[in-house]
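Everything below concerns the one structure shown next.
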C-alpha cells in the first residue's frame, strides 16, 4: 500500500495558520460579541460589557418596558486611498445588541453609565420595596 500526497488547490497559509485551535481557543471557548459580567452589590448591580473597537458615540442605551437595551453600531471605514489587499479581516463591523430585564420600577435617570478602554460599565440600582409603585387596586367585598 502506498500513500499519495496531493496538494490542495485552495491552500492558504494564513487560513491554515489562524484556523489552528490555539488561535481559536477551541470551539467550546468561543464567545459571542458583547461579553458581559454582572455583579450584585448591596445597592444594585454593576454590568460590565466588552465593546472593543466601538466609540462612545456608537453606543445607545435605553429602558423600555422593564428591559435595559444596549445597542452598539460600528461602521466600516471604506477608505478609497487604502493601499493593499486584505488577506484576512476579522475585526467586527456591524451592529450588536443585548437586553436585560431590570424591572418596571427602574428608569433611565436611575442608571449611571461610563465607557472606558472598550468596556461599558452600567450601575443599575435596586429598587427597595417601599419605593415600588403601588398601582394594585383591591376589589371591595360587599355583604
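Residue numbers (my numbering): 167 to 309. By construction, the Cβ of each residue, glycine as well, lies at the ideal position given by its N, Cα and C atoms.
The Cβ atoms of residue 263 and residue 231 do not sit closer than 8 Å to each other. Per DSSP, residue 234 is one residue of the beta strand (DSSP E) stretching across 233-240. Secondary structure of residue 203 (DSSP, three-state): strand.
In the DSSP assignment, the residues bridged to residue 260 are 240. By the neighbour-count criterion, in which a residue is buried when 16 or more other Cβ atoms sit within 10 angstroms of its Cβ, residue 277 is buried. Taking the Cα of residue 200 as reference, the smallest distance to any Cα among 208, 207 and 220 is reached at 220.
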